[in-house]
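Going letter by letter, the sequence shown gives residues 14 to 334 in the working numbering.
For each residue, glycine too, the CB sits at the ideal point set by N, CA and C.
None of the values given here were measured: they were computed from a predicted structure.
Have a look at the structure below before the remarks.
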Amino acid sequence: MTEHYPSFIVDAFAKKRFSGNPAAVCLIPQAKKDEEYLKIAAEFNVSETAFPVPIGSTDFKKSSQFSLRWFTPTAEVPLCGHATLATSHILFNEIGNENKELKFDTLTGILVVRRDEFGNVELNLPEYDLTSIKFHHTINPLHGIFSEFKAPHFLFDVVKCVVPTEMSIEACFYAAKPRVLVIVVDPLTTKFELEAVKIDVAKMIHIQNNGFLQGIALTLRPKNALIQGFTDSSDEPFDYACRYFAPWVGINEDPATGHAQCAIGPFWSKMTGKKELYALQAFPTRGGLFRLRFHDGRVILNGPSVTVLRGEITLDEPTFY
14 MTEHYPSFIV DAFAKKRFSG NPAAVCLIPQ AKKDEEYLKI AAEFNVSETA FPVPIGSTDF
74 KKSSQFSLRW FTPTAEVPLC GHATLATSHI LFNEIGNENK ELKFDTLTGI LVVRRDEFGN
134 VELNLPEYDL TSIKFHHTIN PLHGIFSEFK APHFLFDVVK CVVPTEMSIE ACFYAAKPRV
194 LVIVVDPLTT KFELEAVKID VAKMIHIQNN GFLQGIALTL RPKNALIQGF TDSSDEPFDY
254 ACRYFAPWVG INEDPATGHA QCAIGPFWSK MTGKKELYAL QAFPTRGGLF RLRFHDGRVI
314 LNGPSVTVLR GEITLDEPTF Y
């Protein structure tokens, strides 16, 4: 016996196909076992596959509340912004969900999404608490701005796997809930130089970090966005740029990472005093665009999405519980 379910691949945080961050969305109306979700995610083999399940019904078009889980090809993750954006895009624009607002029950709590007047989706995500990091025999430039802790002995070795020797490091901070380290680099770094960074994945994984890290980001606020290449196709400058790596969960690099902006965005908001930011995730050849607002400890993340693939997934046996 086989079962067939609508499934999609969406490029999230993108205005055109084959940019932004791809996510798979599977509309299976009942919960499945974790191992089944992992098999499906491994089959799609994109950074995350999303599994929304309607709460109180089996109707994806009418329901306004869903449970939502996200899986990489190797593990479940507690929060995934781009796959939530992709899920909302599918429900609103492919399925024709009739609600203006959707609520997703996730491992991180209730996430609320809305459609804006342009048809884009707004995600209401939690703002992560940030702590600055002091390395041995160095001055912490974030001292007095954020709380501080001493760097674990292995951390600088991890940093060296990411930041090339010719690129200066301005500061480091840590978001404990998602276990993400953020490295602030030279504000004179060009887009070409940021995109040229190559990480040592094998060495990063070999270094024992005892679960301290699940992801690591590079970020900068360009001194002169136009000269350094940090503008969009309309020449609008970006307030900050970043890249994001997560080899510990099977993602060497993520093209556009919503949950990482919940750490990076609040940092730059505090440093600049701005409550709205425009950001670029500078994944080579793809990249993602983010508009962020900050309100009452929440990050309002707005972004476009485009559907790349429509089809069905066929499962051999029903393994619901």
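Buried versus exposed call for residue i [16 or more other C-beta atoms within 10 Å across all chains shown]
i: ALA273; result: buried
i: GLN221; result: exposed
i: ASN110; result: buried
i: VAL98; result: Reading off the sequence shown, one finds Leu at residue 98, where the question assumed Val. LEU98 should be labelled buried.
i: ALA350; result: In this structure the chain extends from 14 to 334, so residue 350 is not present and cannot be described.
i: ILE152; result: exposed
i: ALA189; result: exposed
i: THR62; result: buried
i: GLY271; result: buried
i: ILE123; result: exposed
i: ALA259; result: buried
i: GLU48; result: exposed
i: LYS46; result: exposed
i: GLU266; result: buried
i: GLY228; result: buried
i: SER247; result: exposed
i: HIS102; result: buried
i: GLY286; result: exposed
i: ALA37; result: buried
i: ALA209; result: exposed
i: PHE21; result: buried
i: PHE31; result: exposed
Inter-residue CB distance, residue i and residue j (contact presumed, cutoff 8 Å)
i: LEU194; j: LEU231; result: So it is not a contact: roughly 10 Å between Cβ atoms.
i: PRO268; j: ARG304; result: 17 Å between Cβ atoms; not a contact.
i: LEU314; j: GLY94; result: 6 Å
i: ILE196; j: VAL175; result: 7 Å
i: ALA54; j: PHE73; result: 19 Å between Cβ atoms; not a contact.
i: PRO91; j: LEU120; result: 4 Å
i: THR202; j: LEU239; result: Between LEU239 and THR202 the Cβ distance is about 15 Å, and since that is not below 8 Å, they are no contact.
i: LEU302; j: ASP245; result: 7 Å
i: PHE105; j: ARG128; result: 6 Å
i: VAL319; j: LYS29; result: 7 Å
Euclidean distance between Cα positions of residue i and residue j
i: HIS156; j: PRO35; result: 38 Å
i: GLY310; j: LYS204; result: 30 Å
i: ASP118; j: LEU328; result: 25 Å
i: VAL321; j: VAL66; result: 22 Å
i: LYS116; j: VAL172; result: 37 Å
i: TYR334; j: GLY69; result: Any reading at TYR334 is ruled out, since the residue's pLDDT is 45, under 50, leaving its predicted position unreliable.
i: ALA184; j: ASP24; result: 32 Å
i: HIS17; j: SER80; result: 20 Å
i: GLN338; j: PRO177; result: Only positions 14 to 334 of the chain appear in the structure, and residue 338 is not among them; the question remains open.
i: VAL134; j: PHE26; result: 10 Å
i: ASP142; j: THR15; result: 46 Å
i: LEU51; j: ASN58; result: 10 Å
i: PRO317; j: HIS149; result: 43 Å
i: ALA295; j: GLN241; result: 13 Å
i: GLU289; j: GLU140; result: 14 Å
i: GLU179; j: PHE167; result: 21 Å
i: THR100; j: HIS219; result: 34 Å
i: LEU226; j: PHE159; result: 20 Å
i: CYS39; j: SER181; result: 43 Å
i: GLY324; j: TRP281; result: 40 Å
i: PRO42; j: PHE64; result: 9 Å
i: PRO154; j: MET284; result: 12 Å
i: PRO235; j: ALA254; result: 8 Å
i: VAL312; j: ALA276; result: 9 Å
i: ASN96; j: PHE162; result: The sequence shown places Ala at residue 96, not Asn. Going from the Cα of ALA96 to the Cα of PHE162 covers about 32 Å.
i: GLY224; j: VAL126; result: 31 Å
i: THR71; j: ALA88; result: 26 Å
i: PRO279; j: ARG256; result: 16 Å
i: GLU56; j: ASN237; result: 43 Å
According to DSSP, residues forming a beta bridge with residue i
i: PHE64; result: ARG82
i: GLY335; result: It is not possible to answer for residue 335, since the shown part of the chain is limited to 14 through 334.
i: ARG311; result: PRO139 and HIS308
i: CYS174; result: BP columns for CYS174 are empty, so no partner.
i: THR119; result: GLY122
i: HIS102; result: Note: HIS102 sits in no beta bridge, so no partner.
i: TYR18; result: ILE326
i: VAL198; result: ILE182
i: SER145; result: GLU161 and PHE186
i: TYR253; result: ALA292
i: GLY69; result: Answer is none; GLY69 lacks a bridge partner.
i: CYS39; result: SER20
Residue-chain proximity (residue i, chain C), Cβ-Cβ < 8 Å
i: PHE131; result: The chain inventory of the structure shown lacks chain C, comprising one protein chain alone.
Any non-hydrogen atom of the ligand ATP within 7 Å of residue i CB
i: THR121; result: Absence of the ligand ATP is noted for the structure shown, with no ligands found whatsoever.
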